[in-house]
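Per UniProt numbering, the very first residue in the sequence shown carries number 1; after that it's consecutive.
Here a beta-carbon is modelled for each residue, glycine too, at the ideal position from N, C-alpha and C.
Please read all numbers here as calculations on a predicted model, not as lab measurements.
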Amino acid sequence: MSGRVFVVAAAVGVLVAAAAVSSRPVVPLATSRPDAGSNELSVYFHVDSCPQLETIVRSTVDAALQQNVRLTAGLLRLFFHDCFPQGCDASILLDNGERGLPPNIGLQQEAVQLVEDIRAKVHAACGPTVSCADITVLATRDAVSLSGGPSFTVPLGRLDSAAPASSNDVFTLPPPTSTVDELLSAFASKNMSDPADLVALSGAHTVGKARCSSFGAVAGPATDDITRCVTATCSAPGSADTLRDLDFLTPTLFDNLYFIELTLKKNKGVMLPSDQGLVTDPRTSWLVQGFADNHWWFYDQFGTSMVKMSQLRGPQGNVGEIRRNCFRSNTNSGVAAAGTTATA
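Next comes the structure, spelled out in structure tokens:
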């Protein structure tokens with residue numbers, strides 16, 4: 001039996017076993033209305049100021065995915081690279097800022113532009129009441145759900161930063177070569193010390209791509225379809241910047257097959273080094289196997305971890321503004337009308 005057939009068979013077994021579950025779980029979240037003048041997040045935050053907010057966001061994301069199915073991966077990376085350095089404050093969207101730093105090279109411009117396009121629609125309907133930070137979180141959540149992933153409730157009420165994150169904060173983003181120790185330490189520094197958060201959020205790679213330069217050399221002979229495919233894609237001269245799918249079988253669907261492939265492919269160079277370590281480290285290997293065996297467990301934990309990350313705060317707390325344009329601060333004299341195109 002070839003490697004590809006074996007992976008498919010394993011995946012089918014998981015999906016059939018999960019079919020007995022009656023419905024996809026929605027991650028619960030404690031909710032309460034914020035007090036007047038409070039800067040606390042709440043699922044009710046925009047219920048009066050912009051009741052059509054979530055309808056606008058979801059319909060716009062849905063339409064965009066019809067044109068570019070890769071937007072889910074782009075939004076997930078944008079979300080992570082915004083929230084991890086100093087909290088979810090849309091600092092990543094500011095022009096001439098942190099998007100030019102090495103950890104952010106390759107952020108999908110279509111995803112960046114989509115957030116601004118949604119902001120223009122929301123502000124046209126409700127006025128400047130919703131931040132680019134809230135829109136980024138909602139758009140990412142909806143893209144995951146529309147791509148087959150879990151649905152989860154997110155609290156709202158974030159403000160946009162007036163300046164980019166510092167380079168020191170941006171470089172806290174863990175690179176794909178990180179060891180498990182480095183990954184756990186990086187997450188713990190953001191008050192996300194549960195290994196389940198790290199492993200579940202790594203599952204976003206199910207819809208991702210990475211440059212061939214992000215992988216080590218394939219160890220040993222190419223004895224199965226997946227390894228042969230990787231070797232063919234990434235061994236050619238000049239292929240360092242070539243992108244390849246991280247999930248070989250369902251690269252545009254949000255599912256748990258990436259974990260299945262991780263458990264089956266222990267060949268160095270086939271998977272990202274940072275993810276490959278999760279399979280062999282006893283602190284995380286049981287989670288990788290569990291998410292491979294039970295995609296509902298993965299979905300539930302992914303939603304929980306996404307909500308946790310969406311509530312990360314910078315040292316100053318939830319302070320800032322509601323930008324009239326996601327690409328520049330309101331204090332910038334060049335604040336433009338809706339429709340401005342993002343620049344790298």
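Per DSSP, reduced to three states, the secondary structure at residue 58 is helical. Boundaries of the alpha helix (DSSP H) harbouring residue 277: 273-280, taken from the DSSP string. The C-alpha of residue 264 is placed about 34 angstroms away from the C-alpha of residue 312. When DSSP states are grouped into helix, strand and coil, residue 40 belongs to the coil group.
Going by beta carbons, residue 209 and residue 111 fall outside the 8 angstroms limit.
Rounded to the nearest angstrom, the gap between the Cα atoms of residue 328 and residue 169 is 20 angstroms. DSSP lists no beta-bridge partner residue for residue 158.
Cβ contact annotation for residue 119 (same chain, cutoff 8 angstroms, sequence separation greater than five): 130, 132, 135, 323, 325, 326, 338, in chain order. Going by DSSP, residue 86 is part of the alpha helix (DSSP H) stretching over 71-86. Taking all protein chains shown into account, residue 256 has 16 or more neighbouring C-beta atoms within 10 Å of its C-beta and is therefore buried. Taking all protein chains shown into account, residue 283 has fewer than 16 neighbouring C-beta atoms within 10 Å of its C-beta and is therefore exposed. DSSP places residue 291 in the uninterrupted alpha helix (DSSP H) bounded by 285-293.
Of the other Cβ atoms in all chains shown, 16 or more fall within 10 Å of the Cβ of residue 320; this residue is therefore buried. Rounded to the nearest whole angstrom, the C-alpha separation of residue 58 and residue 137 is 12 angstroms. Per the coordinates, the alpha-carbon of residue 50 lies some 17 angstroms from the alpha-carbon of residue 40. For residue 167, the CB contacts under 8 angstroms within the same chain, skipping 5 residues up- and downstream, are 98, 101 in chain order.
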